[in-house]
Amino acid sequence: MSGFESDSPDSLVSIAKAVRTRGLKGEIVADLLTDFPERFESVERLIALAPNGERKSLNLEHFWFQNNRVVLKFANYDSIEAAKELTGYEFCVPEAERVPLESHEYYDFELEGCAVHDVSGREIGKVGSVLKTGGAEILVVTASDGAEVMVPLAESIVLEVDTAGKRILIDPPEGLLELS
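Its first residue numbered 1, the sequence shown is counted upward by one per residue in the working numbering.
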């Protein structure tokens with residue numbers, strides 16, 4: 001396994017993003033960027049990734065959840081001033097430490113950037129993001145002309161996902177591609 005400092009930005013998985021400080025002891029309130037908040041129970045170190053790409057390894061002293069966010073306390077960040085330096089940072093783990101998924105489940109970052117083709121071979125565009133709408137997930141596909149096409153991530157529509165090859169094959173129902 002590679003060391004935290006040598007991991008490339010593409011090999012990191014963001015699990016939280018610092019929003020603001022909390023209290024007087026250097027705690028950070030962070031938005032959760034993971035579907036697996038229980039993973040904090042086994043994390044001892046996180047990679048703090050600055051908006052400019054700079055990174056540092058931080059030891060997690062403790063955490064707790066509050067109002068759909070996580071409060072993090074890192075070693076050597078014992079004041080508001082020290083913690084304020086981390087505002088805007090993303091907290092990451094190496095990709096090798098991501099939570100394993102079931103077959104036919106994908107992380108959003110694995111789908112983003114994939115070329116989407118229909119069964120006739122026509123390229124629809126590239127996945128720009130994944131929209132979560134409660135129970136369903138929707139691929140937001142950006143066509144070459146800049147238009148966005150919404151494709152439900154449903155087995156009846158998405159026939160094949162090749163994350164390694166960055167390709168998705170769809171069989172859209174009549175009219176779906178014209179709705180966007």
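From the three backbone atoms N, C-alpha and C, an ideal C-beta is built for every residue, glycine too.
Going by CA-CA distance only, name the one from the options that's closest to residue i.
i      : options                       : result
Asp118 : Val99, Ala143, Glu97          : Ala143
Ile157 : Tyr77, Pro173, Phe65          : Pro173
Ser103 : Gly135, Gly175, Thr163, Pro37 : Thr163
Val43  : Ala50, Gly121, Leu139, Glu97  : Glu97
Ile138 : Ala147, Asp108, Asp145        : Asp108
Tyr106 : Glu41, Ser129, Met150         : Ser129
Just checking my contact of residue i with residue j at CB under 8 Å: how many whole Å lie between their CB atoms?
i      : j      : result
Leu186 : Ile124 : The structure shown does not extend to residue 186, since the chain is modelled only from 1 through 180, so no value can be given for it.
Val141 : Val127 : 6 Å
Ala75  : Asn52  : Not confirmed; about 23 Å, so no contact.
Ala115 : Arg167 : 5 Å
Lys73  : Glu61  : 5 Å
Ser11  : Glu110 : Actually they do not touch by this definition, with Cβ atoms about 13 Å apart.
Can you check whether the CB of residue j is closer than 8 Å to the CB of residue i?
i      : j      : result
Ile28  : Val93  : no
Arg45  : Ser57  : yes
Ala16  : Asp31  : yes
Glu112 : Ser14  : no
Thr87  : Ala136 : no
Lys84  : Thr21  : yes
Around the C-beta of residue i, are 16 or more other C-beta atoms found within 10 angstroms, so that it is buried, or is it exposed?
i      : result
Phe63  : buried
Asp7   : Note that Asp7 scores a pLDDT of 45, beneath 50, so its modelled location is shaky and nothing firm can be said.
Leu24  : exposed
Glu155 : exposed
Gly26  : buried
Leu101 : exposed
Leu159 : exposed
Val70  : buried
Ala147 : exposed
First and last residue of the beta strand (DSSP E) that includes residue i?
i      : result
Lys166 : Here Lys166 belongs to no beta strand (DSSP E), and DSSP marks it neither H nor E.
Glu160 : 158 to 162
Leu86  : Careful: Leu86 lies outside any beta strand (DSSP E) and carries neither H nor E.
Phe65  : 55 to 66
Thr142 : 137 to 142
His117 : 115 to 118
Gly128 : 123 to 132
Ala48  : 45 to 49
Please list the terminal residues of the continuous alpha helix (DSSP H) segment that includes residue i.
i      : result
Leu24  : First-last for Leu24: undefined, no H or E at that position.
Glu110 : 108 to 111
Would you check whether the ligand GTP has a heavy atom nearer than 7 Å to the C-beta of residue i?
i      : result
Asp162 : Absence of the ligand GTP is noted for the structure shown, with no ligands found whatsoever.
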